[in-house]
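Chains as they are written, first to last, in the UniProt record's numbering: chain A, 1 to 310; chain B, 1 to 310.
All C-beta atoms, glycine included, are put in the ideal place defined by N, C-alpha and C.
Computed from a predicted structure; not experimentally measured.
2 protein chains.
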Amino acid sequence: MKQVAVVGGGLVGSGWALVFARAGIPVRLFDASEDIRQAAPSRIRASLLDMLEFGLVDDVDAIARRIEVVDSMVDAVSAADYVQESVFERADVKTAVCAEIGAAIRDDAVVGSSSSGIPASMFTEQAPRRSRFLIAHPVNPPHLVPLVELVPAPWTDPEIVPWLREAMEQVGQVPIVVNREIEGFILNRLQGALLNEAWALLDAGLASVADIDRTVAHGLGLRWSFMGPFETIDLNAPGGIEDYAQRLGTLYHSIAQDRRDPKPWSPDLIEFATAERREVLAKPELEARSAWRNRRLMALISHKRGQPER
Amino acid sequence: MKQVAVVGGGLVGSGWALVFARAGIPVRLFDASEDIRQAAPSRIRASLLDMLEFGLVDDVDAIARRIEVVDSMVDAVSAADYVQESVFERADVKTAVCAEIGAAIRDDAVVGSSSSGIPASMFTEQAPRRSRFLIAHPVNPPHLVPLVELVPAPWTDPEIVPWLREAMEQVGQVPIVVNREIEGFILNRLQGALLNEAWALLDAGLASVADIDRTVAHGLGLRWSFMGPFETIDLNAPGGIEDYAQRLGTLYHSIAQDRRDPKPWSPDLIEFATAERREVLAKPELEARSAWRNRRLMALISHKRGQPER
Numbered sequence: 001m002k003q004v005a006v007v008g009g010g011l012v013g014s015g016w017a018l019v020f021a022r023a024g025i026p027v028r029l030f031d032a033s034e035d036i037r038q039a040a041p042s043r044i045r046a047s048l049l050d051m052l053e054f055g056l057v058d059d060v061d062a063i064a065r066r067i068e069v070v071d072s073m074v075d076a077v078s079a080a081d082y083v084q085e086s087v088f089e090r091a092d093v094k095t096a097v098c099a100e101i102g103a104a105i106r107d108d109a110v111v112g113s114s115s116s117g118i119p120a121s122m123f124t125e126q127a128p129r130r131s132r133f134l135i136a137h138p139v140n141p142p143h144l145v146p147l148v149e150l151v152p153a154p155w156t157d158p159e160i161v162p163w164l165r166e167a168m169e170q171v172g173q174v175p176i177v178v179n180r181e182i183e184g185f186i187l188n189r190l191q192g193a194l195l196n197e198a199w200a201l202l203d204a205g206l207a208s209v210a211d212i213d214r215t216v217a218h219g220l221g222l223r224w225s226f227m228g229p230f231e232t233i234d235l236n237a238p239g240g241i242e243d244y245a246q247r248l249g250t251l252y253h254s255i256a257q258d259r260r261d262p263k264p265w266s267p268d269l270i271e272f273a274t275a276e277r278r279e280v281l282a283k284p285e286l287e288a289r290s291a292w293r294n295r296r297l298m299a300l301i302s303h304k305r306g307q308p309e310r
Numbered sequence: 001m002k003q004v005a006v007v008g009g010g011l012v013g014s015g016w017a018l019v020f021a022r023a024g025i026p027v028r029l030f031d032a033s034e035d036i037r038q039a040a041p042s043r044i045r046a047s048l049l050d051m052l053e054f055g056l057v058d059d060v061d062a063i064a065r066r067i068e069v070v071d072s073m074v075d076a077v078s079a080a081d082y083v084q085e086s087v088f089e090r091a092d093v094k095t096a097v098c099a100e101i102g103a104a105i106r107d108d109a110v111v112g113s114s115s116s117g118i119p120a121s122m123f124t125e126q127a128p129r130r131s132r133f134l135i136a137h138p139v140n141p142p143h144l145v146p147l148v149e150l151v152p153a154p155w156t157d158p159e160i161v162p163w164l165r166e167a168m169e170q171v172g173q174v175p176i177v178v179n180r181e182i183e184g185f186i187l188n189r190l191q192g193a194l195l196n197e198a199w200a201l202l203d204a205g206l207a208s209v210a211d212i213d214r215t216v217a218h219g220l221g222l223r224w225s226f227m228g229p230f231e232t233i234d235l236n237a238p239g240g241i242e243d244y245a246q247r248l249g250t251l252y253h254s255i256a257q258d259r260r261d262p263k264p265w266s267p268d269l270i271e272f273a274t275a276e277r278r279e280v281l282a283k284p285e286l287e288a289r290s291a292w293r294n295r296r297l298m299a300l301i302s303h304k305r306g307q308p309e310r
């Protein structure tokens with residue numbers, strides 16, 4: 001990657017601009033809204049100053065200078081070898097934007113979409129140069145959580161996936177490849193499986209919202225912040241993953257059997273959970289708590305950087 | 001808690017002894033095996049020295065001195081106000097041990113079992129003083145991961161649960177209450193839900209073992225190491241958990257619908273995952289990797305202690 005364009009300058013787009021600029025790459029940022037274009041530089045600077053405090057960046061000015069906000073789509077994308085599309089998550093909006101992007105890019109450019117759920121085939125089918133498009137789904141915010149899911153559409157040029165995987169690694173993200181489109185990709189399917197079980201346990205009156213949260217925050221989530229579920233079980237039986245699966249596969253299959261008839265999260269259940277959450281955190285406090293979460297994420301990332309990987 | 005007994009001196013029992021001794025409580029540790037009794041003090045001292053290195057304990061000698069290994073069950077439990085049972089996880093073994101414990105304890109003692117899956121009603125029904133027994137299931141190792149699940153049997157004295165919850169908090173653990181017995185309790189049901197989805201994604205050829213692991217270790221697991229799944233989604237939509245559930249409930253219900261016919265983890269699939277794991281970590285390296293995991297856990301816990309909870 002030598003020149004990057006970011007299309008869509010909201011929270012996700014601004015975070016992406018920061019990711020590429022932090023890696024030394026010049027970025028052109030475009031948003032159709034003038035308000036968002038005007039707000040972007042100060043939002044990005046605020047994030048950089050937060051990161052500076054946690055030792056996650058050095059030279060705030062140099063990084064900020066690499067990000068140029070431009071006021072036309074063509075200006076943003078025409079010279080880019082990589083375009084990160086981060087506009088509003090609705091298929092019709094993305095279809096229109098991708099048609100515009102596809103018409104303006106170089107033949108060899110690659111376009112990754114930040115879509116968290118809509119697969120690329122739903123909004124790039126009619127786009128010019130559609131073989132250059134795929135999903136590059138980040139976790140929010142992308143400059144703090146490094147994971148990116150790369151998901152090709154059926155017509156994505158197969159050479160693009162390994163190229164983007166390497167390029168994402170070079171800018172400090174952690175890319176994974178989802179071999180073909182599936183609803184929710186990998187991350188939200190894993191999150192959804194745990195959430196669905198959490199809601200079902202709550203619905204059955206087995207534990208409170210706070211106690212289910214504690215189970216993860218002081219139990220399961222500790223190991224999962226530095227190793228995945230397969231490695232976790234590989235180290236949880238003397239003979240490794242095979243040994244673990246043989247000991248506990250039956251239990252886990254039996255648990256799955258309990259959920260053969262999944263209920264949607266009902267309005268009553270949502271209201272019940274909301275009431276418990278609003279007791280510990282009033283609605284006006286949500287924003288301050290999100291800022292706390294971001295500070296905790298920055299501290300955790302800074303901590304992880306100092307840890308040996310073996 | 002003024003005097004604690006730990007019955008079973010393996011990895012889990014030794015960890016528990018350390019937890020109580022660290023909180024200043026005298027502990028009597030008993031194991032039926034003389035070999036295990038003899039090995040326990042040096043195993044505990046090794047754990048304490050590791051923890052000292054990460055700033056998690058101060059006075060190793062004082063803590064070690066509080067743990068007395070005794071060579072009879074009656075000696076261990078007769079004066080204790082709390083007994084932590086940590087013997088081999090098989091219903092018949094636990095039934096025999098709990099009958100012995102129940103016969104030897106004070107009338108007002110409480111007995112928590114470390115059972116990770118077998119509910120207390122399966123092995124305490126015939127025990128003397130059975131109303132004093134419940135599950136107190138730790139994550140392994142208990143001196144590093146603070147979560148403990150408290151699960152009463154139908155005959156557990158209802159006053160015990162709040163008493164043990166408070167006592168566990170006082171020794172520095174994070175207790176949660178599971179209101180009634182259910183297979184896998186809360187922690188392993190949540191872990192199982194995510195694992196079942198992970199195996200299904202692997203089975204469908206959607207991603208590699210390593211990429212599924214990365215999705216958690218560099219994505220989902222970061223937030224989950226300091227806040228639970230409900231708080232995570234409460235902060236992931238402008239209007240809180242209600243807003244999130246309304247936006248995404250349909251997606252997550254649809255994902256659950258895909259798993260209406262859960263397959264067991266098949267021998268072929270287990271072999272496939274094992275082959276990938278053994279490529280990155282040979283079987284003889286499992287033990288060294290577990291030691292690395294424990295060091296990472298200690299570093300993470302030390303990091304978390306320095307972080308503001310709001």
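query: Close beta carbons around L297/A, own chain, < 6 Å, minus the five adjacent residues each side; result: L144
query: S225/B beta carbon less than 7 Å from that of G55/A; result: no
query: Presumed contact (8 Å Cβ cut-off) between V6/B and Q126/B, rounded CB distance; result: Not really, about 23 Å apart at Cβ, beyond 8 Å.
query: Proximity of R277/A and D234/B at Cβ, strictly below 7 Å; result: yes
query: 7 Å Cβ cutoff, L164/B in contact with chain A; result: no
query: Bridge-paired residues (DSSP) for I67/A; result: V27/A
query: Spatial distance of A32/A from I101/A (CA atoms); result: 13 Å
query: DSSP bridge partner residues for F133/B (one or two, in chain order); result: V111/B
query: Cβ contact (3+ pairs, closer than 8 Å) linking the stretch 180-192 of chain B and the stretch 209-221 of chain B; result: no
query: Rounded straight-line distance, which links the Cα of A204/A to that of E166/A; result: 46 Å
query: Same chain only: Cβ atoms within 6 Å of P119/B, ignoring 5 sequence neighbours per side; result: E181
query: Cβ of M227/A within 7 Å of any chain B Cβ; result: yes
query: Chain A within 7 Å of Y82/B, Cβ atoms only; result: no
query: D92/B to R289/A span [Cα, whole Å]; result: 48 Å
query: Outcome for V178/A when other beta-carbon atoms lying within 10 angstroms are tallied against a minimum of 16; result: buried
query: Beta bridge counterpart(s) of Q84/B as assigned by DSSP; result: V6/B, G112/B
query: Paired residues, beta bridge with residue 355/B - DSSP; result: There is no way to answer for residue 355/B, as the model of chain B reaches only from 1 to 310.
query: One or two residues paired with I176/B in a DSSP bridge; result: E149/B
query: Residues near P41/A in its chain [Cβ-Cβ closer than 8 Å; skip 5 each side]; result: A64, I67, V69
query: Within chain A, partners of V209/B - CB distance below 7 Å; result: F230
query: Proximal residues, the stretch 173-200 of chain A versus chain B, C-beta separation under 8 Å; result: V174, I176, V177, V178, N179, R180, I182, E183, G184, I186, L187, N188, R189, L190, Q191, G192, A193, L194, L195, N196, E197, A198
query: Under the three-state DSSP convention, the category P128/B falls into; result: coil
query: Close-in-space but distant-in-sequence residues of the same chain around V87/B (CB under 7 Å, 5 per side omitted); result: V7, G8, V93, K94, V97
query: Stretch-stretch touch, CB-based, cutoff 8 Å, three pairs: the stretch 189-196 of chain A with the stretch 192-201 of chain B; result: yes
query: Proximal residues to K2/A (C-beta, below 6 Å), its chain only, five neighbours per side dropped; result: D81
query: Within chain B, the residues that K283/A reaches when beta carbons sit closer than 7 Å; result: G240
query: L134/B, buried or exposed, once every other Cβ within 10 Å from all chains shown has been counted against 16; result: buried
query: Contact with chain A by P146/B, beta-carbon distance below 7 Å; result: yes
query: Own chain partners of K304/A with C-beta closer than 8 Å, once the 5 adjacent residues on each side are dropped; result: S225, F226
query: As assigned by DSSP and simplified to three states, the class of P138/B; result: strand
query: As assigned by DSSP and simplified to three states, the class of L49/A; result: helix
query: Cβ separation of V171/A and F20/A, assumed to be a contact under 8 Å, to the nearest whole Å; result: 6 Å
query: Nearest residue (CA-CA) to F272/A, options R106/A, A207/A, R189/A; result: A207/A
query: Supposed contact pair G15/B and P141/B - C-beta distance, whole angstroms, cut 8 Å; result: 4 Å
query: Residues of its chain near A200/A, where Cβ-Cβ distance is below 6 Å and the 5 sequence neighbours each way are ignored; result: none
query: Where M168/A falls: helix, strand or coil (DSSP); result: helix
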